[in-house]
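A quick write-up on the structure given underneath.
In this note's numbering, the protein residues as written are 3 to 144.
The following block contains the structure:
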């Protein structure tokens, strides 16, 4: 009976340890000027993995008194750890399939970052993709 209890405790310890290790492995934490970001680890077709940080704000939304200003405001600092596992809201778009329907938000100044390295100041290639869409609904997220 004691052996079974000890085995159960030991097995529970290994399961919890594996869960904690897996959580750390799949949820990378980085610090940027505005605060901390918790991303994810994704895999591509060949099985190799990369780090993904989605919905990272790069400026304040140009609303209210900030509308039509020449200089965007930097994003505000956030408390704690920001979840960077999901895309940010889409920008305002007109849905041509349903007359007079607007979808999205003006609070949409976010960038998605995908990288193979988390080393600060690493000399790595960067690709910037500017979508040439027409602000039409259901445009793909990148």
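The beta-carbon is built from N, C-alpha and C at its ideal position, and this holds for glycine as well.
As the structure is a computational prediction, the values presented were derived from the model and not from experiment.
Query raised in the report: Which value, in whole angstroms, describes the spacing of the CA atoms of residue 43 and residue 68?
Result: Position 41 of the chain shown holds residue 43. Position 66 of the chain shown holds residue 68. Rounded to whole angstroms, residue 43 to residue 68 spans 36 Å at the Cα level.
Query raised in the report: Count the other CB atoms within 10 Å of the CB of residue 25; is the residue buried (16 or more) or exposed (fewer)?
Result: Along the chain shown, read from residue 1 onward, the residue named residue 25 stands at position 23. Confidence in residue 25 is poor, its pLDDT being 46 and thus under 50, which makes the residue's placement unreliable; the coordinate value appears in the next sentence. Taking a 10 Å sphere around the C-beta of residue 25, we find fewer than 16 other C-beta atoms and assign the residue as exposed.
Query raised in the report: Which same chain residues, not among the five before or five after residue 109, have their C-beta less than 7 Å away from its C-beta?
Result: As a first step, residue 109 must be located in the chain shown, where it is residue number 107. The answer, listed in chain order, is 63 and 91.
Query raised in the report: Along the chain, where does the beta strand (DSSP E) that runs through residue 59 open and close?
Result: Locating residue 59 in the chain shown gives position 57, counting from the first residue. Per DSSP, the unbroken beta strand (DSSP E) holding residue 59 starts and ends at 51-59.
**Report entry** Three CB pairs or more closer than 8 Å across the stretch 121-135 and the stretch 66-84
**Finding:** No, the stretch 121-135 is not in contact with the stretch 66-84.
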